[in-house]
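Working notes, structure below.
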Amino acid sequence: MDSIKKTTLEVVERDPSHQTLVRGGRLVTEEGIVFGDLLLGEGLILALGPDLSQEAQGAEIIEAKGSFVIPGAIDVHTHMELQQSPEHRSCDDFFQGSVAAALGGTTTLIDHIGFGPAGCPLHYAIDRYREKGKKAAVDYAFHGVLQHVNESILNELREIIQTEGIPSFKAYSTYAYPLSDHDLFQALRVMKEAKGLLTMHCENDAVTNLLKKEALARGNTEPIWQARTRPAACEKESISRLIDLSALSGGAPIYIVHTSTQEGVAAIQAGRARGIPVAMETCPQYLLLQEGAYTEHGPLEGLKYLMAPPLRSPADQEALWESLADGTCDTVATDHCPFPLEEKKVGEKNFSLAPGGCAGVQERLPLIYTHGVLPGRISLERMVALLCTNPAKIMGLYPQKGTLAVGSDADLVVLGPGSNRPIRAKEQATTCDYSIYEGWGNRLRIHRVISRGETIVKEGVFLGERGRGRFLKRWL
Ligand SMILES: [Zn+2]
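For what it's worth, our numbering labels the leading residue of the sequence shown as 30, then goes sequentially.
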C-alpha cells in the first residue's frame with residue numbers, strides 16, 4: 030500500500046478549533062487504497078497527506094488507525110414518502126428514511142419523486158418534494174418525473190435542467206404513465222441538447238399487463254405470479270428499445286434503473302458496443318435474493334418480496350454479480366420503498382393489489398461489503414466506485430461528492446470488518462416492520478459517518494439532526 034502525496038486547500042481563514050483530523054486510516058477511492066490523514070474543516074476536505082499532525086494542531090482527532098475510510102455513499106434511487114396509490118404511501122418519510130441511510134453509511138440521497146395529477150406540469154411534483162425534502166438529515170436531490178410530453182413540458186424540462194440543478198428525469202415504460210415512443214423520443218432530444226439524463230424503468234407494459242390479466246383470470250393469484258408475469262425478456266425488450274430511441278435522438282444519455290436480468294445486462298452491453306451512452310444500475314435485492322423467495326415459506330411470506338421488477342433466477346443473479354466485477358454495472362442503488370407487512374397483505378388474495386417495493390437504504394453498504402467484498406466478488410475499490418463515485422459522476426455531483434479529494438465535501442465513512450451481526454428488522458431505523466434481508470450476515474462495522482465535516486453517526490448511534498440535509502443542485 031502506498032502513502033499519499035500531501036495536498037492542501039488554500040482557504041482564507043483557518044480556525045483549527047473547528048477542524049477535524051481523521052488520522053491514520055486506509056483511504057479508499059475507486060483508484061486504490063492509501064494510508065493517510067484527512068483534515069476536515071468548513072464542511073470540506075481541507076488537506077490530505079501521509080501525516081498532517083503539523084497542520085492539524087488544535088483540531089479534534091478521530092483515530093482511524095486499522096479502519097478504512099471511504100467517501101460517504103450515495104443512493105441514487107429511493108422513494109421516500111411516495112404516494113404509490115391512493116391507499117398506499119411508502120412508510121419512511123425524508124427524515125426517517127435519511128436516518129436509516131445515515132446509519133448505513135449513505136450521506137446523499139437522490140429520490141425519485143412521485144407522480145402528480147394527470148396533465149400536471151413538471152414543477153407540480155418537484156415543488157411538493159422541495160417541501161418534503163426539508164426534513165432530510167442527509168444531503169439530497171431529486172430526479173424529476175415525466176408523465177406526458179408536449180411542447181410546454183419540453184420547454185419546462187429544458188429550463189429545469191439548465192437553471193434549477195435537476196438534470197435527471199425518470200420515465201416509466203409501465204404503471205400509470207407509460208411514455209410512448211413518441212414522447213420518449215422528444216424527451217431524449219431535449220436531454221441530448223440540454224445536457225440532461227433520462228433514467229428509465231424498463232419493462233414492456235403491454236406484455237406484462239396481458240400476462241397479469243390472464244394469470245389472475247386463471248386464479249393464479251399468489252406472489253410467484255408477480256415474477257411469472259414479468260419475464261426477463263420484457264426488461265430486455267424495453268431496454269433495447271430505449272437504446273434504439275437514444276440512437277435515433279443522436280445519442281442522448283440514458284440510465285437504466287434497477288437492472289435485474291442477464292438479458293438486460295446483455296442489452297446494455299450491446300448498446301455500449303454501438304456507442305450509446307447507457308449507464309446501468311442494479312440493487313442488492315437482485316444480487317442477493319431469488320424468485321424462490323415468493324414460494325419457499327408460503328405465499329403469505331412471499332408477499333414481503335413483491336416489487337417490480339420481481340426477484341429473478343440464480344442465472345440472472347450470477348450475471349449481475351459479473352456485471353459488477355467486469356465494469357458493466359455502474360451503480361448499486363436500493364429502490365428503497367417500504368410498506369409495512371399489513372399493507373403487503375392486501376395482496377393475499379391477489380398479488381397485484383399489494384403495494385410494490387421494500388426497504389433497503391440502510392442495508393446496502395453492509396450487504397455489498399459482507400456478500401460482495403469479503404468473499405472476493407468485488408474489490409473494496411470497486412465497491413466505492415459502485416456506491417460512491419460512479420453515482421456522483423453520473424448524476425452530476427462529482428467531485429463535490431463521491432470521492433476523498435481536497436476541496437470535496439467532507440462526507441466520509443470510517444469502517445472495517447467485524448464479527449457477524451445478522452440484519453434484524455427491529456434494529457433497522459426504517460419504520461417498516463420487516464426486512465427482506467432478515468437474518469442475512471453483516472460483518473461490516475460502521476464506526477463513524479461524517480457529513481460535511483460533522484459526525485452524524487457514531488458506532489451505530491445517530492447523532493445528526495432533522496433538516497440538516499441540504500438540497501443539492503446538480504449539473505451534467
Ligand atoms: Zn423505483
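Virtual Cβ for every residue (Gly too), placed ideally from N, Cα, C.
The model shown is predicted, which means the values in this text are computed figures rather than measured ones.
| message | Once DSSP output is grouped into helix, strand and coil, what is the label at Glu488? | response | For this step, residue 488 is matched to residue 459 along the sequence shown. Coil at Glu488, not helix or strand.
| field | Inter-residue spacing [alpha-carbon to alpha-carbon] between Pro313 and Thr37 | value | Looking up residue 313 in the sequence shown gives position 284. Looking up residue 37 in the sequence shown gives position 8. The straight-line gap from Cα to Cα measures roughly 37 Å.
| task | Determine the direct distance from the alpha carbon of Arg247 to that of Lys163, and round the result to whole angstroms. | result | Position 134 of the sequence shown, counting from 1, holds the residue named residue 163. Position 218 of the sequence shown, counting from 1, holds the residue named residue 247. Spanning the two alpha carbons is a distance of roughly 47 Å.
| request: Please state if the CB of Ile33 and the CB of Gly78 are separated by a distance shorter than 8 Å. | output: Counted from its first residue, the sequence shown places residue 78 at position 49. Counted from its first residue, the sequence shown places residue 33 at position 4. In this structure, Ile33 lies closer than 8 Å to Gly78 by Cβ.
| request: Give every residue of the same chain whose Cβ lies closer than 7 Å to the Cβ of Ile90, excluding the five residues on either side of it in the sequence, and list them in chain order. | output: Here the question's residue 90 lines up with position 61 in the sequence shown. Counting only Cβ-Cβ distances below 7 Å, and skipping sequence neighbours, we find Leu50 and Arg52.
| message | Using the Cβ count rule (16 or more neighbours within 10 Å means buried), how would you classify Ile407? | response | Taking the first residue of the sequence shown as 1, we reach residue 407 at position 378. Result: buried.
| message | Using DSSP's beta-bridge definition, name the partner residues of Arg474. | response | Here residue 474 is taken as the residue at index 445 of the sequence shown, counted from 1. According to DSSP, Arg474 bridges with Gly445.
| said: Once DSSP output is grouped into helix, strand and coil, what is the label at Tyr398? | reply: Position 369 of the sequence shown, counting from 1, holds the residue named residue 398. In the structure shown, Tyr398 sits in a helix (DSSP, three-state: H, G or I).
| query | From the DSSP output, which residues share a beta bridge with Arg52? | reply | Reading the sequence shown from its first residue, position 23 is the one you call residue 52. DSSP output for Arg52 lists Glu92 as bridge partner(s).
| field | Alpha-carbon to alpha-carbon, Asp66 and Lys265 | value | Translated into the one-based positions of the sequence shown, residue 265 becomes position 236. Translated into the one-based positions of the sequence shown, residue 66 becomes position 37. When rounded, the distance between both Cα atoms is 46 Å.
| Roughly how many angstroms separate the alpha carbons of Cys461 and Gly389, rounded to a whole number? | As a position in the sequence shown, residue 461 is number 432, starting the count at 1. As a position in the sequence shown, residue 389 is number 360, starting the count at 1. Each residue's alpha carbon lies about 10 Å from the other.
| Spatial distance of Asn379 from His117 (CA atoms) | Sequence index remark: in the sequence shown, residue 379 carries index 350 (1-based). Sequence index remark: in the sequence shown, residue 117 carries index 88 (1-based). Going by the C-alpha atoms only, they are around 16 Å apart.
| said: According to DSSP, simplified to helix, strand and coil, what is Val41? | reply: Locating residue 41 in the sequence shown gives position 12, counting from the first residue. Low local confidence applies: a pLDDT of 46 at Val41 is under 50, so the model's placement there is unreliable, and no value is given.
| said: If you reduce the DSSP assignment to three classes, tell me which class Phe144 lands in. | reply: By 1-based counting over the sequence shown, the position of residue 144 is 115. Coil.
| Which parts of the region 227-255 are runs of the alpha helix (DSSP H), unbroken and 4 residues or longer, counting only runs that do not cross its ends? | 234-246
| message | Quick check: is any heavy atom of ligand 1 less than 7 Å from the C-beta of Val105? | response | As a first step, residue 105 must be located in the sequence shown, where it is residue number 76. Val105 Cβ: outside cutoff for every heavy atom of ligand 1.
| said: Between Val286 and ligand 1, is there a pair consisting of the residue's CB and a ligand heavy atom that are separated by less than 7 Å? | reply: Residue 286 sits at position 257 when you count from the first residue of the sequence shown. Yes - ligand 1 has a heavy atom lying nearer than 7 Å to the Cβ of Val286.
| task | Whole angstroms is fine: what's the gap from Arg450's alpha carbon to Arg187's? | result | Numbered from 1 along the sequence shown, position 421 holds the residue referred to as residue 450. Numbered from 1 along the sequence shown, position 158 holds the residue referred to as residue 187. So the two alpha carbons sit approximately 48 Å from each other.
| message | For Asn233, tell me which candidate among Cys358, Ala337, Gly386 and Glu494 has the shortest Cα-Cα distance. | response | Position 204 of the sequence shown, counted from the first residue, corresponds to residue 233. The shortest Cα separation from Asn233 among Cys358, Ala337, Gly386 and Glu494 belongs to Ala337.
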